[in-house]
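*Asks:* Here it is: the structure, laid out below.
Residue numbers (the working numbering), protein chains in the order written: chain A, 8 to 319; chain B, 473 to 908.
This is the structure we're talking about:
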């Protein structure tokens with residue numbers, strides 16, 4: 008096995024071999040979710056804290072199910088219930104959590120670098136479940152697992168990521184991971200949503216949606232947030248959907264075997280028409296299923312994967 | 473006390489002196505400066521205490537034109553006492569302190585308070601900078617005449633740039649009548665607002681909002697145009713971009729009364745220091761790129777930038793050991809400004825006299841402190857003795873400053889102040905060969 012990390016803070020720095028280890032572990036664990044009794048004793052006696060300092064339904068639920076299927080004890084803290092609302096600093100809250108000896112803290116935070124800060128301050132493993140606009144490694148890994156499932160390999164594929172790249176941690180983690188695995192990545196969206204210097208990440212950039220669609224093996228659509236309109240990033244949702252949304256007409260220009268992905272939640276009718284989201288090329292729900300498997304794999308690799316601890 | 477500072481290499485850039493000299497100090501003033509070997513008879517010397525400076529460099533007392541002393545209001549970050557203790561430990565004999573205290577230094581009472589505290593501290597001399605607008609709100613003119621009478625040496629809304637161009641124009645015109653320079657913190661807030669670091673490759677990777685160079689350069693250009701309009705002296709604070717250097721260079725070519733400063737971090741670090749979300753690399757303006765840093769070094773070399781300032785901005789660990797986006801902007805610098813400036817000499821970018829000028833003659837000229845930044849006979853005995861080749865490791869725990877927010881912890885630097893004299897008093901001494 009080729010994985011010997013204490014934390015998973017991002018896709019940056021992960022080697023191709025490490026990514027392959029995570030994906031193949033996830034592929035072998037996926038089957039558990041389809042059993043009658045969806046539980047194995049692998050992480051019995053381990054404590055997983057889901058520390059979510061930003062609203063999240065999908066990712067938190069996915070982590071909770073993943074931990075429970077491996078028999079870990081889970082505790083969830085969200086921004087509303089934690090002491091952060093009482094003015095406690097992030098580090099103090101984390102140190103208090105640490106004093107209760109959890110094995111891993113799964114962390115979601117609205118600010119970039121928050122898990123990195125904690126990883127320098129406390130001992131338990133930190134698993135980044137999304138930090139600001141920076142990284143969302145488990146999303147990228149579940150996306151890559153889904154791509155591998157549908158396309159067998161990632162190397163040599165053409166992947167287009169479309170939408171609000173600037174504000175997207177999903178885009179950043181996917182770009183880093185997909186490039187590591189040897190894919191060609193194109194990003195597209197209104198130029199206001201393409202961050203300057205993004206080409207230093209090794210991607211092609213186009214603001215013409217059609218260029219990103221034609222020839223792509225994988226199309227990854229990103230969620231557009233209404234509040235960005237107030238930040239003068241685009242004139243209206245109406246105009247956005249007309250020029251940057253994915254519709255059936257555009258799909259006619261795509262490869263026949265293209266797959267369409269979305270990290271959710273979807274704004275139906277904005278970044279993508281309902282007919283596209285529900286179309287035959289859509290793998291959006293496979294992504295969600297694989298999310299549980301990828302998170303099981305990471306919990307296992309970060310906690311139980313060390314041989315001495317699995318032995319009993 | 474009578475002092476003889478013996479045998480040091482005396483560098484006074486303003487008078488183009490760079491020679492081995494004996495300096496005689498009597499009653500807090502420079503009594504005489506004599507080339508080595510001494511012409512005076514040994515008899516006359518008997519009652520002078522000797523400070524041995526052989527092998528060392530002696531300069532007019534260093535001046536920091538841009539310091540935040542935080543008192544009144546933020547004494548948990550720094551006080552006038554701890555700030556001036558840090559200053560003298562860094563070789564500085566005088567600091568100009570910014571007006572963004574609480575209350576703001578926008579009236580004579582605050583100015584008088586600062587001067588009183590500084591006098592009690594008996595460390596570095598403090599020159600207060602007054603606010604341009606009451607409360608730094610940018611809505612009208614502070615009582616500039618009264619501030620001048622109370623002792624301010626310049627005006628600035630540092631940290632809160634004056635957005636209203638009409639107010640900036642009027643401030644420059646009005647201040648000219650009181651012979652006060654305006655120090656401008658150039659930042660277009662509508663462009664920089666959400667930014668927490670330089671807009672560039674690193675911000676793209678880290679997913680942090682960037683502050684583009686244009687946010688600084690737009691305001692540098694505006695203020696240069698206002699300088700042309702009013703012919704009032706304008707000093708551009710903490711220049712961080714190549715574009716700003718070029719704008720200032722062109723303004724100087726036109727003969728406008730524009731001066732400029734940069735801070736050591738802008739020629740010692742780049743935006744890459746932010747990788748890993750190190751909040752000690754968060755400041756405003758932000759660390760820029762290698763090209764900007766090189767342009768700043770060129771600007772220092774060709775005289776476009778005549779001042780190096782610390783922009784000493786103390787913050788408590790509470791304000792730095794937090795999420796990057798929430799962390800306070802700024803770093804402390806009083807105790808590292810000299811070695812980092814001397815780094816430019818060791819790297820062959822400036823000569824030693826040029827480097828010293830950025831910390832003496834340069835700031836004294838901007839603030840029109842005619843008796844500072846050089847050492848003519850009869851002037852107040854403010855001087856610094858340094859070993860420009862002494863290697864040491866920066867240790868934030870040894871700092872006199874109340875705060876520890878420095879990105880240079882652990883750095884191996886070369887060049888250090890060993891003795892600082894203010895008005896004939898030895899206020900800092902690490903000379904092993906001399907004890908009081």
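Quick reminder that beta carbons are idealized off the backbone N, C-alpha and C, glycines included.
None of the values given here were measured: they were computed from a predicted structure.
Please decide whether residue 19 of chain A counts as near chain B, where near means a Cβ-Cβ distance under 9 Å.
*Replies:* Closer than 9 Å to some Cβ of chain B, the Cβ of residue 19 of chain A qualifies, so yes.
*Asks:* Residue 139 of chain A versus chain B: which residues are under 8 Å apart at the beta carbon?
*Replies:* Those are 679, 680 and 797, listed as they occur along chain B.
*Asks:* Closer than 7 Å by beta-carbon distance: list the chain A residues that pair up with residue 748 of chain B, in chain order.
*Replies:* 123, listed in chain order.
*Asks:* Tell me where the beta strand (DSSP E) around residue 225 of chain A begins and ends.
*Replies:* It spans 225–228 - the beta strand (DSSP E) in which residue 225 of chain A sits, taken as one unbroken run.
*Asks:* Work out the CA separation of residue 781 of chain B and residue 854 of chain B for me, nearest whole Å.
*Replies:* Each residue's Cα considered, the two are about 18 Å apart.
*Asks:* Does any residue of chain B have a CB that is nearer than 9 Å to the CB of residue 179 of chain A?
*Replies:* Chain B, which has a Cβ nearer than 9 Å to the Cβ of residue 179 of chain A, makes this yes.
*Asks:* Any beta carbon from chain B within less than 9 Å of residue 316 of chain A's own beta carbon?
*Replies:* Because residue 316 of chain A carries a pLDDT of 40, less than 50, the predicted location of this residue cannot be relied on, and no value is offered for it.
*Asks:* Does residue 700 of chain B come out as helix, strand or coil in the three-state DSSP assignment?
*Replies:* Three-state DSSP puts residue 700 of chain B in a helix.
*Asks:* How long is the line joining the alpha carbons of residue 268 of chain A and residue 280 of chain A, rounded to whole angstroms?
*Replies:* The alpha-carbon atoms of residue 268 of chain A and residue 280 of chain A are separated by roughly 13 Å.
*Asks:* Could you tell me the boundaries of the beta strand (DSSP E) in which residue 473 of chain B lies?
*Replies:* First-last for residue 473 of chain B: undefined, no H or E at that position.
*Asks:* Check whether the Cβ of residue 58 of chain A lies closer than 9 Å to any Cβ atom in chain B.
*Replies:* With 9 Å as the cut-off, residue 58 of chain A does not count as an interface residue toward chain B.
*Asks:* The alpha helix (DSSP H) spanning residue 258 of chain A covers which residue range?
*Replies:* Residue 258 of chain A -> alpha helix (DSSP H) spans 255–258.
*Asks:* The alpha helix (DSSP H) that contains residue 557 of chain B, what's its start and end?
*Replies:* Per DSSP, residue 557 of chain B belongs to the alpha helix (DSSP H) from 552–561.
*Asks:* Return the first residue and the last residue of the beta strand (DSSP E) that residue 847 of chain B is part of.
*Replies:* Where residue 847 of chain B is concerned, there is no enclosing beta strand (DSSP E), given that its DSSP letter is neither H nor E.
*Asks:* Grouping DSSP H, G and I as helix and E and B as strand, with all else coil, what is residue 857 of chain B?
*Replies:* Residue state, collapsed to three classes: strand.
*Asks:* Name the chain A residues that come within less than 8 Å of residue 676 of chain B, Cβ to Cβ?
*Replies:* Those are 202, 203, 204, 205, 207 and 208, listed as they occur along chain A.
*Asks:* Here's the rule I'm using: 16 or more other beta-carbon atoms within 10 Å means buried, otherwise exposed. How should residue 159 of chain A be labelled?
*Replies:* Per the 10 Å Cβ criterion, exposed.
*Asks:* Looking only at its own chain, which residues have a Cβ that is under 7 Å from the Cβ of residue 504 of chain B, when we skip the five neighbours before and after it?
*Replies:* 496 and 849.
*Asks:* Look at the alpha carbon of residue 569 of chain B and the alpha carbon of residue 726 of chain B, and state the distance between them as a whole number of angstroms.
*Replies:* Approximately 30 Å, taken between the alpha carbons.
*Asks:* For residue 882 of chain B, count the other beta carbons within 10 Å of its own beta carbon; 16 or more makes it buried, fewer makes it exposed. Which is it?
*Replies:* Exposed.
*Asks:* Give a yes or no on whether the minimum CB-CB distance between residue 184 of chain A and chain B is below 9 Å.
*Replies:* By this cut-off, residue 184 of chain A is not an interface position.
*Asks:* So residue 118 of chain A and residue 139 of chain A are in contact, right, with Cβ under 8 Å, and what is the actual spacing, rounded?
*Replies:* Confirmed, Cβ separation roughly 5 Å.
*Asks:* Answer yes or no: do residue 77 of chain A and residue 50 of chain A have a C-beta to C-beta separation smaller than 9 Å?
*Replies:* In contact: residue 77 of chain A and residue 50 of chain A (Cβ atoms closer than 9 Å).
*Asks:* Residue range of the alpha helix (DSSP H) that residue 127 of chain A falls in?
*Replies:* 121–128 is the extent of the alpha helix (DSSP H) around residue 127 of chain A.
*Asks:* Taking 9 Å as the cut-off, decide whether the C-beta atoms of residue 908 of chain B and residue 885 of chain B are in contact.
*Replies:* Contact: no.
*Asks:* In the DSSP assignment, what residue or residues form a beta bridge with residue 888 of chain B?
*Replies:* In the DSSP output, where bridge partners are listed per residue, residue 888 of chain B has B:859.
*Asks:* Rounded to a whole number of angstroms, what is the C-alpha to C-alpha distance between residue 653 of chain B and residue 613 of chain B?
*Replies:* Looking at the two C-alpha atoms, the distance is approximately 15 Å.
*Asks:* Give, in chain order, every unbroken run of the beta strand (DSSP E) that is at least 3 residues long and sits entirely within the region 611–697 of chain B.
*Replies:* The region 611–697 of chain B contains these whole beta strand (DSSP E) runs: 654–656.
*Asks:* Report the residue ranges of all beta strand (DSSP E) runs contained in full by the region 235–306 of chain A; include only those spanning at least 3 residues, in chain order.
*Replies:* You should have 266–268.
*Asks:* Please report the residue range of the beta strand (DSSP E) in which residue 538 of chain B lies.
*Replies:* Start and end: 534–539.
*Asks:* Is it buried or exposed, residue 778 of chain B, if we count other Cβ atoms within 10 angstroms and call 16 or more buried?
*Replies:* Buried, by the Cβ-count rule.
*Asks:* On the DSSP letters alone, give me the boundaries of the beta strand (DSSP E) that residue 818 of chain B sits inside.
*Replies:* Not the beta strand (DSSP E): residue 818 of chain B falls in the alpha helix (DSSP H), residues 809–818.
*Asks:* Which residue wins for smallest C-alpha separation from residue 768 of chain B, given the options B:736, B:744, B:750 and B:637?
*Replies:* Per the Cα distances, B:736.
*Asks:* Which residues mark the beginning and the end of the beta strand (DSSP E) in which residue 195 of chain A is found?
*Replies:* First-last of the beta strand (DSSP E) with residue 195 of chain A: 191–195.
*Asks:* Within 10 angstroms of its Cβ, does residue 316 of chain A collect 16 or more other Cβ (buried), or is it exposed?
*Replies:* For residue 316 of chain A, the predicted structure reports a pLDDT of 40, less than 50, and the residue's modelled location is therefore unreliable. A value from the coordinates is still provided. Under this definition residue 316 of chain A is an exposed residue.
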